[in-house]
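*Asks:* Every position in the sequence shown, counted from 1, becomes a number in this note's numbering once 3 is added. What follows is a structure written as structure tokens; I'll ask about it next.
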Amino acid sequence: MYEMNLTLDLPFDQALEKVKETLMANHLGVVSDVDVQAIFKNKMDKEIPAYHIYGACNPKLADRVIGAEPNAGTLLPCNFIMREEGDKTVVSFMDPVAVLGLSEAAEVRAVAEEARGMIEKVMEQLQA
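And the structure:
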């Protein structure tokens with residue numbers, strides 16, 4: 004699979020704060036935010052529930068990837084989405100092994116495994 008997901012029994016804004024705090028506690032920061040809901044509204048006048056695409060990054064891991072294979076930066080950062088589903092929020096993390104596995108560089112693949120472990124830890128903490 005290309006992603007790992009969970010559902011939080013929280014409204015979107017509360018879930019977002021919890022996810023950001025948990026990521027930061029695990030040395031991952033949110034470096035980008037694409038507000039798909041706003042884009043759809045502005046560009047197509049289409050209403051959808053809250054839906055954001057975020058980029059999570061650990062600069063030291065990113066440095067290792069770019070150092071090993073400069074063009075592998077196209078595979079960064081580790082994206083995740085958060086989407087509103089009623090009064091709950093679905094959080095879906097990209098599996099870095101699936102994406103960074105596109106590289107043949109051993110160091111890039113090692114970083115992918117390390118990043119996956121970090122994301123799995125985040126998911127475990129979010130579900131606790």
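Backbone N, C-alpha and C define an ideal beta-carbon position, used for all residues, glycine too.
#1: Counting C-beta neighbours from all protein chains within 10 Å, is the total for residue 36 16 or more, i.e. buried, or is it exposed?
#2: List the residues that DSSP assigns as beta-bridge partners of residue 57.
#3: According to DSSP, residue 96 sits in a beta bridge with which residue or residues?
#4: Would residue 4 and residue 126 qualify as a contact pair, given that the criterion is a beta-carbon distance under 8 angstroms?
#5: Would residue 47 be called buried (16 or more neighbouring beta carbons within 10 Å of its own) or exposed?
#6: For residue 88, which residues does DSSP report across the bridge?
#7: On a CA-only basis, which of 31, 30, 56 and 34 is nearest residue 42? Give me that one, please.
#8: Report the CB separation of residue 111 from residue 71 in whole angstroms; it is logged as a contact under 8 angstroms.
*Replies:* By the coordinates alone:
#1: Around the beta carbon of residue 36, fewer than 16 other beta carbons lie within 10 angstroms, which makes this residue exposed.
#2: Note: residue 57 sits in a beta bridge opposite 36 and 83.
#3: Secondary-structure assignment with DSSP links residue 96 through a beta bridge to 7 and 83.
#4: Taking 8 angstroms as the cut-off, the beta carbon of residue 4 is found no closer than this to the beta carbon of residue 126.
#5: Classification of residue 47: exposed, given that the 10 Å Cβ count is below 16.
#6: DSSP links residue 88 through a beta bridge to 91.
#7: With distances taken between Cα atoms, residue 42 lies closest to 56.
#8: Contact holds; Cβ gap of about 5 angstroms.
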